[in-house]
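Written out below as structure tokens is the structure these notes cover.
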Amino acid sequence: MKPMRGRAWVFRGVLDVDWEICVFDISHELQAKGMYTPEEIGKYCMTKVDPDFPKKVRKGDFIVGEFMGFGHDHDHACLSILGAGVAAVICDTSAPYFLRNSIERGLPVVEYSGILDAVKQGDELEVDLEKGRLTNFSSGVELQFEPMPAFIIRKLEAGGMVPLLKMEVDAGRIPKRLT
Amino acid sequence: MSKEKDATPIATWSLSKVKISQSQAKVDSGLRVGIRSVTHRISRMGKTITEKILAKAAGRKDVSPGDYIEVGSRCPTPMGNFGGLRGGVEFCVEWKVGVFNPKLIRIVDGHLGATASHNAARSRMGARKWAKAVGIPDENIYTLGRSGIENMFSAERAWALPGEVYLQAVNGHSSGSGALGAFATTLSYGRGEYFITGKTWMRVPRSIKIVVNGEFPPGTCARDLFEYFLSQIGPTGAGGAALEWTGPVVDALSMGERFSLCSLAIFTGAWTAIINPDEKTLDYVRARTNEAFEPQVSDPDAQYAKVFELDVGKLEPQVVPPPKRHLVKPIKELEGTPINRGFIGSDAASWIEHLRMAARILKGKKIHPGVVLNITPGTTRILRQALDEGLINTFVDAECVVPTPNEGMEWGANTPLSADEVCIASGQTNYPGRMGSEEAQIYLANPMTVAASCLEGKITDPRKYL
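The listed protein sequences correspond, in order, to chains F and H.
In terms of the working numbering, the first sequence has 120 at position 120, counting the first letter as 1, and numbering is strictly consecutive.
In terms of the working numbering, the second sequence has 8 at position 8, counting the first letter as 1, and numbering is strictly consecutive.
Here is the structure:
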């Protein structure tokens, strides 16, 4: 997986999947309208904290957060971040369900204790998940984190669980049990 | 995770007696002689119940926090009717791969109640059609009249067996089944992979042990213990961990209170919660299933990331004001706050114990005329028991709304809040819009506090009614 390069968007405090990251009810409304796509729900990403975030963020940028994904196991928050064009989340702490759901959705989440001391709003970053390396070009700081295991890299490269499963099905590695 | 983030001691916090020790558990291990006899062996390494269960499920000799493992489960996996057909599940039919074992998947239609929307009805039918297409037997489909909230419905049938990994399709409160001595967690968006392959990945969590001593004062219950613990540890204090609740207070709790205590783990940042099984657990399970099982318990020298010891002797009823879930206060700081809505329900507080707590305060009284109090039993079995015990009569006489089992006001499924309404609820969480309008406010409290507050139309200390 190639290193990712983008700008940092810093969010402090406790970020609840159902409120700060993306209002839960939006996901219900979009489903009822048949409009539950990454692009549509991406328009509501982080808007309770920064109403213009979806307009300002560029494809490939990073969210650098303090406590990401507090609360329920709702994965609409991960979809919203992806839909906004964010390439990865780097945070001090991630809620375990947020971390798992993000990986299954194809969104890398890196936990690094003290990240907010090393990254400022707008910093240019490069993140290499395989090597476990974060380079801050704006400050010259380089950080090492635990590299992601090969099976997670494979899932992320495929774009998440569903595309990877589809590849396995197409390759005949999963039995077709239904006729 | 060997590079432990929380290597520095947390400041000592106090109730009447609180002690924190690092890394090594030197306090009551939660083991009792009767339970030791059912463990298969005491590992020389010293492992927690979580590590033992996960090692067995992964087919390994042992595992440590931070290890990546692949596991399956022999326990049934309930799927709710709402939102279940996403997360890859929708492709089981389209790709003609079906599911790994139709007998192990159960559709529990209890998340949405009888009063929910047309959208809910479509969701219901979608789940039924999907189940038929992948060959799920009819007896695995629990329709609205014989179900309840999936976390509670499965717990009261002991689908999560002691010593096993238990996986739910959705709902982060599956940790409640940790009270059965299982490693209980939710597949969430990863459910499609599990349904198709029968396997899922996990990272072995660190364990945090909480030893609870003392005796609950009147007006408090397991809910206050959880909220007090949250107020001390904070929303990230248990990041990614398995909470292991132990000690004499936990031993004395009824099963419903244990489920309630474990069900809220995610609000401390934890992944799940667990209680070492004792005779009470084993009796509960044996009365509900014929499945064989092999309980596990933590070794006395197991390694914990943190150990908390606390005493509930001076615990007061706790209240969580809006809008932050983790900012908990003792009731005296919020007494007198006007409210016009109330809710007792959800997997956090709709076990029979919670209905009894409310009935004790409401018996022979009527709630304040300006207040609507929704009391929703969690499952049909609990509704039936509440009828037998006369609790429903008490609620109806007190002029409460008593819907059939479901998640109640949680996420606004039933009797949602409109702007400017102020609710006191024993539900799960309180972010703006959780129960309807973003303009409404939600205070969280135990069922006794909710009942007492609804009698007076303002936040009221329940101890005056006990």
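Cβ atoms here follow ideal geometry from the backbone N, Cα and C, with glycine treated the same way.
Where residue i falls: helix, strand or coil (DSSP)
i                 : result
Glu353 of chain H : helix
Val169 of chain F : helix
Arg177 of chain F : coil
Ser254 of chain F : Missing from the structure shown is residue 254 of chain F; chain F here goes from 1 to 179 and no further.
Tyr166 of chain H : strand
Asn136 of chain F : strand
Phe53 of chain F  : helix
Glu399 of chain H : coil
Leu455 of chain H : helix
Asn340 of chain H : coil
Gly192 of chain H : helix
Leu373 of chain H : strand
Gly13 of chain F  : strand
Phe515 of chain H : Here chain H comprises residues numbered 1 to 466, so residue 515 of chain H is not present and cannot be evaluated.
Phe183 of chain H : strand
Thr77 of chain H  : strand
Ile136 of chain H : coil
Gln31 of chain F  : helix
Asn101 of chain F : helix
Cys78 of chain F  : helix
Ser174 of chain H : helix
Ala88 of chain F  : strand
Neighbour flag for residue i against chain F, beta carbons, 8 Å
i                 : result
Asn140 of chain H : no
Glu333 of chain H : no
Pro235 of chain H : yes
Gly88 of chain H  : yes
Ser73 of chain H  : no
Thr48 of chain H  : no
Pro137 of chain H : no
Ser188 of chain H : yes
Gln24 of chain H  : Legend: pLDDT at Gln24 of chain H = 35, less than 50; position of this residue unreliable, value from coordinates given subsequently. Taking Cβ atoms only, chain F never reaches closer than 8 Å to Gln24 of chain H, which makes this a no.
Gly98 of chain H  : yes
Thr482 of chain H : No answer is possible for residue 482 of chain H: the residues shown for chain H start at 1 and end at 466.
Arg469 of chain H : Residue coverage of chain H in this structure runs from 1 to 466, which leaves residue 469 of chain H outside it and unanswerable.
Arg60 of chain H  : no
Glu193 of chain H : yes
Gly240 of chain H : yes
Val93 of chain H  : yes
Tyr68 of chain H  : yes
Asn119 of chain H : yes
Any chain H beta carbon closer than 8 Å to residue i
i                 : result
Phe11 of chain F  : no
Gly106 of chain F : no
Gly174 of chain F : For clarity, residue 174 of chain F is Ile in the given sequence; the question names Gly instead. Closer than 8 Å: yes.
Tyr44 of chain F  : no
Val162 of chain F : yes
Arg100 of chain F : yes
Val110 of chain F : no
Leu180 of chain F : Outside the shown range of chain F (1 to 179) lies residue 180 of chain F, about which nothing can therefore be said.
Residues sharing a beta bridge with residue i, DSSP
i                 : result
Met202 of chain H : H:Ile69
Val320 of chain H : H:Leu444
Gly148 of chain H : H:Thr379
Arg5 of chain F   : F:Glu126
Ser94 of chain F  : F:Met68
Ser207 of chain H : H:Ala242
Gly436 of chain H : H:Leu417
Asp61 of chain F  : Partner(s): none; Asp61 of chain F has no beta bridge.
Cys45 of chain F  : None, per the DSSP bridge assignment.
Leu143 of chain F : F:Leu134
Tyr142 of chain H : H:Val108
#### Entry: the segment 250-268 of chain H / the segment 348-356 of chain H touching (three or more Cβ pairs under 8 Å)
yes
### Query
Quick check: the segment 84-95 of chain F against the segment 64-75 of chain F, are there 3 or more CB pairs under 8 Å?
yes
### Segment contact flag, the segment 197-204 of chain H with the segment 69-78 of chain H, C-beta cutoff 8 Å, min 3 pairs
yes
### Query
Is there contact here, the segment 382-401 of chain H with the segment 312-332 of chain H, by at least three beta-carbon pairs under 8 Å?
no
### Query
Counting Cβ pairs closer than 8 Å, one from the segment 155-164 of chain F and one from the segment 28-43 of chain F, do we hit at least three?
no
### Query
Are three or more beta carbon pairs between the segment 377-386 of chain H and the segment 92-99 of chain H nearer than 8 Å?
no
### Message
Below 8 Å, how does it come out for the segment 96-106 of chain H and the segment 133-142 of chain H: are there three or more Cβ pairs, yes or no?
### Response
yes
### Query
Fully enclosed by the segment 262-335 of chain H, which alpha helix (DSSP H) runs are 4 residues long or longer?
279-286
### Query
Do three or more CB pairs link the segment 238-248 of chain H to the segment 263-274 of chain H at distances below 8 Å?
yes
### Query
Are three or more beta carbon pairs between the segment 152-170 of chain H and the segment 180-190 of chain H nearer than 8 Å?
yes
### Task
Give, in chain order, every unbroken run of the alpha helix (DSSP H) that is at least 4 residues long and sits entirely within the segment 80-117 of chain H.
91-94
### Any 3 or more C-beta pairs closer than 8 Å across the segment 373-381 of chain H and the segment 439-446 of chain H
no
### Message
Taking contact to mean 3 or more Cβ pairs, one atom from each stretch, closer than 8 Å, check whether the segment 293-305 of chain H and the segment 219-230 of chain H are in contact.
### Response
no
### Query
Are there three or more Cβ pairs, one per stretch, closer than 8 Å when the segment 443-454 of chain H is compared with the segment 314-330 of chain H?
yes
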